[in-house]
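2 protein chains.
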Amino acid sequence: MSDVIYLDNAATTFPKPENVYNAMDEANRNYCVNAGRSSYKLAKKATEIIEDTKKLLLKLVNAKNSANVVFSPSVTISLNQILNGLDFVNNSTVYVSPYEHNAVARPLNLISKKNSINIRELPLNENTLEIDIERMKYMFAKEHPACVCSTFVSNVTGYILPIDEIFREAKKYNAVTVLDAAQAIGLIDINLEKLDIDFLAFAGHKTLYGPFGIAGFIDNSSIYLKEFIVGGTGSDSLNLDMPKNSPNKYEYASPNIVAIAGLKAALDYIDVDKIHSHERLLTDYLIKGLEDIKGIKIYLPHNLINHISIVSFVVDGYKSEDIGMILDEDFNIAVRTGYHCAPFIHKYLKDEFSLGTVRVGLSYFNSKEDVRNLINAINDILLI
Amino acid sequence: MSDVIYLDNAATTFPKPENVYNAMDEANRNYCVNAGRSSYKLAKKATEIIEDTKKLLLKLVNAKNSANVVFSPSVTISLNQILNGLDFVNNSTVYVSPYEHNAVARPLNLISKKNSINIRELPLNENTLEIDIERMKYMFAKEHPACVCSTFVSNVTGYILPIDEIFREAKKYNAVTVLDAAQAIGLIDINLEKLDIDFLAFAGHKTLYGPFGIAGFIDNSSIYLKEFIVGGTGSDSLNLDMPKNSPNKYEYASPNIVAIAGLKAALDYIDVDKIHSHERLLTDYLIKGLEDIKGIKIYLPHNLINHISIVSFVVDGYKSEDIGMILDEDFNIAVRTGYHCAPFIHKYLKDEFSLGTVRVGLSYFNSKEDVRNLINAINDILLI
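Chains A and B supply the protein sequences, listed in that same order.
FYI, the numbering for the first sequence is 1 to 384, going by my numbering.
FYI, the numbering for the second sequence is 1 to 384, going by my numbering.
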């Protein structure tokens, strides 16, 4: 299956850089032990790698010295930890972008069953499919935000949300600001010094080109998150409470040193400018190619400067899953089809008639030829 | 560092079987994609591997057909999920063994701050360091258990708890029974057909000889666990609730296919009888060797048939962490020292004077020579 054209990179980037594979195998064979809990040399080496990886992450987003990286095994878990950790006053309002993933939407829905919080969507301009900042300001003024949660890049349309404006406005009301950077970190320059972000959640296995099993959030605030998932910390074992300080109070259980070693290698590899330029080129080429095909509807933000790497479309007369199946069976092209775990946005895309979209997720390892093959395949399908 | 004698296997078994490394590298390079969410060939292969791994796990514990494996990235997370998922009636009593790990103790402590539950320890005979079954029966009769949680093997002393009797008695009161099998599965024969267990939690990276990043629980009940950690499931995306049925309702986010492939290889490798016999031999040899040294106190259950693989001791005149440091620095032997994330048991061991124990955790990959080297090292230290 090595000749597959893999275009499901918004789910998981694949392949990874060669040094990621090597680092993981090396960690597995040489120091796959419990870091942070013991003082023997192998454990110290593991602990060092964790600290180095955290430093690389903080550097990547230009975090200030007071910021901490809190690791977890998945960004979904980190978002659950953040959202369940917040102490919502009764009747407070949480705003989410209409592009949120179920990693945000479902935890908030669950929280709203136990606490009386109001969940509101940031307003979208239905014509441009972009956030309507002016209407947002009006909504915030009318119903103050206690928390604002937004993804940086939509995992459905590739829309880059105006998070600087969203969070700047949110902070006028002292709202807690949560950024889901799962589809952005490593691909888009993030400068925490210039952004009003309290918590930045990231996944290792997507735009960071790292492995499954390592993710987390950057704790850029002094907000105290309530305990949520708790367990052994390898320290203060006789205490039934978690340690008091970030990041230790949020990190439980044995760290996955193999995945962390892989992430470290990925961070060594990543060059945001280079990746961004390459994916920009491929994205433009893909959009141009799809636009030239009759019977395709592409879901893009109006201003293409606010867009990258992910392209969703539907094909006249086809359910999206059928396009996915034909691309796989007849052309060996892997794309994702359906609703992409994003519950809110489809009422704007109006893509239910095709059971969601065909989604192409590009990566640094895709080539123009991959894109050309996809476009040719779609053309072939429509000629049948 | 390849000549290290690694005796911290109760934290993480290391090394792993060669086929685990190979399976992980192969998964990384060939099908490191999102399983269960897409229908292209690579995703289908990943999904198949997950299903096969679950079947091997169910077979290993002789589970009935109705049982499900619920994967998660760590056994701590699984235990949080189970304990937070239970619907405790006000003032109900949860019994835990005094050997519990903070992966059980801390979640219960946190739950007790929000719900009025009573947490009681199963009674221990201070002389034998074994559970006092008769007193337990009396306690259950006086204060009925709503839930009973026990580890199978103590991660501090290697004591094999009488879980068949504990859970049989618990079921007389219709209590929910939770087994923490992190230190037992793969090492001790587990037959779910003969045990009254509702939830069996397991770790991949300990006695199963698999990697970090994959763990879970076997759902052997029809008990409905409330939603706790929620997120994308790759299905029913427009629904803000999780799917209704086990295991899907408990599994969120992208499965770690690389870790699962590693666990599958480990399960292919494991032969419980062979591993058990080997570790039995090494354990006996270790205990004999330590008993011959003056100035060593070993913490063992009275009946050594109820014991395996983990040996905790203290050395006269030394803090345990100093022994750990000397073993590492002068002998290149890695052991774990301290309280081992087990908050309750130390009041019985009375090991606070040495800041906890020196813990030796054996694995199938240790040899008699490893044990002999440790014993010689301890002798040398005491001769200084």
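Note that the Cβ used here is the ideal one computed from N, Cα and C, for glycine as well.
- Taking the Cβ atoms as the reference, B:Ser221 lies roughly 4 Å from B:Asp198, within the contact range of under 8 Å.
- Check the Cα spacing between A:Gly356 and each of A:Ile111, A:Thr157, A:His278, A:Asn90: the tightest is with A:Thr157.
- Contact between B:Leu7 and B:Leu300 fails: their C-beta atoms lie close to 17 Å from each other, not under 8 Å.
- Across the set B:Thr283, B:Leu290, B:Glu321, B:Asp328, the C-alpha of B:Thr283 shows the shortest separation from the C-alpha of B:Asn306.
- Per DSSP, reduced to three states, the secondary structure at A:Phe344 is coil, with no helix or strand assignment.
- Look at the region 338 to 364 of chain B: the residues with a C-beta under 7 Å from a C-beta of chain A are Gly338, Tyr339, His340, Cys341, Ala342, Pro343, His346.
- Closer than 8 Å to the CB of A:Pro73 there is at least one CB belonging to chain B.
- Per the C-alpha coordinates, the member of B:Asn28, B:Gly234, B:Ile275, B:Asp370 positioned closest to A:Tyr339 is B:Gly234.
- In the three-state reduction of the DSSP assignment, B:Pro162 falls in the coil class.
- In the DSSP assignment, B:Asn118 is bridged to B:Thr93.
- Pairwise C-beta distances place the region 205 to 215 of chain B out of contact with the region 89 to 99 of chain B, as fewer than three of them are shorter than 8 Å.
- Taking all protein chains in view, the Cβ of A:Ala141 is surrounded by fewer than 16 other Cβ atoms within 10 Å, so the residue is classified as exposed.
- For B:Thr76, the enclosing alpha helix (DSSP H) begins and ends at 75 to 85.
- Any Cβ of chain B closer than 8 Å to the Cβ of A:Val258 would place that residue at the interface, and such an atom is present.
- Contact check for B:Ala265 against B:Pro17 passes: the beta carbons are separated by less than 8 Å.
- Fully contained in the region 198 to 232 of chain A is no alpha helix (DSSP H) run of length 4 or more.
- Of the candidates A:Leu83, A:Tyr318, A:Glu329, the residue whose Cα lies closest to the Cα of A:Lys297 is A:Tyr318.
- Within chain B, no C-beta atom comes nearer than 7 Å to that of A:Asn62; the closest sits roughly 28 Å away.
- When secondary structure is reduced to three states using DSSP, B:Phe353 falls in the helix class.
- Here A:Asp328 is not near B:Tyr159, since their CB atoms are 8 Å or more apart.
- Straight across, the Cα-Cα distance linking A:Tyr252 with B:Val314 is about 27 Å.
- The C-beta distance from A:Leu192 to A:Ala63 rounds to 5 Å, short enough to meet the 8 Å contact threshold.
- Annotation: Cβ neighbours of B:Ser237 in chain A (cutoff 7 Å, chain order): Asn102, Gly338, Tyr339, His340, Cys341, Ala342, Pro343.
- Assignment of beta-bridge partners to A:Gly338 by DSSP yields A:Thr357.
- Nearest to A:Ser309 by C-alpha distance, out of A:Glu165, A:Asn109, A:Gln183, is A:Gln183.
- Out of B:Arg168, B:Leu110, B:Thr337, the CA that lies nearest to the CA of B:Glu321 is found in B:Thr337.
- The region 356 to 368 of chain B makes contact with the region 278 to 293 of chain B; the number of CB pairs closer than 8 Å reaches 3 or more.
- With distances taken between CA atoms, A:Tyr21 lies nearest to A:Gly262 out of A:Gly262, A:Gly232, A:Asn102.
- Here B:Leu86 is not near B:Leu108, since their CB atoms are 8 Å or more apart.
- Among the residues of the region 108 to 124 of chain B, those with a Cβ less than 8 Å away from any Cβ of chain A are Asn109, Leu110, in the order of the chain.
- When Cβ-Cβ separations below 8 Å define contact, B:Ile296 makes no contact with chain A.
- Using beta-carbon distances, B:Ile229 counts as an interface residue toward chain A, with a partner under 8 Å.
- Contact of A:Lys16 with chain B by beta-carbon distance below 9 Å involves Asn28, Arg29, Cys32.
- From the beta-carbon of A:Phe212, the residues of chain B found nearer than 8 Å are Cys32, Gly213, Ser254, Pro255, Asn256, Ile257, Val258, Ala259.
- Between B:Tyr348 and B:Leu124 the beta-carbon gap is near 6 Å, inside 8 Å, which marks them as a contact.
- At the C-beta level, A:Ile257 and A:Ala23 stay beyond 8 Å of one another.
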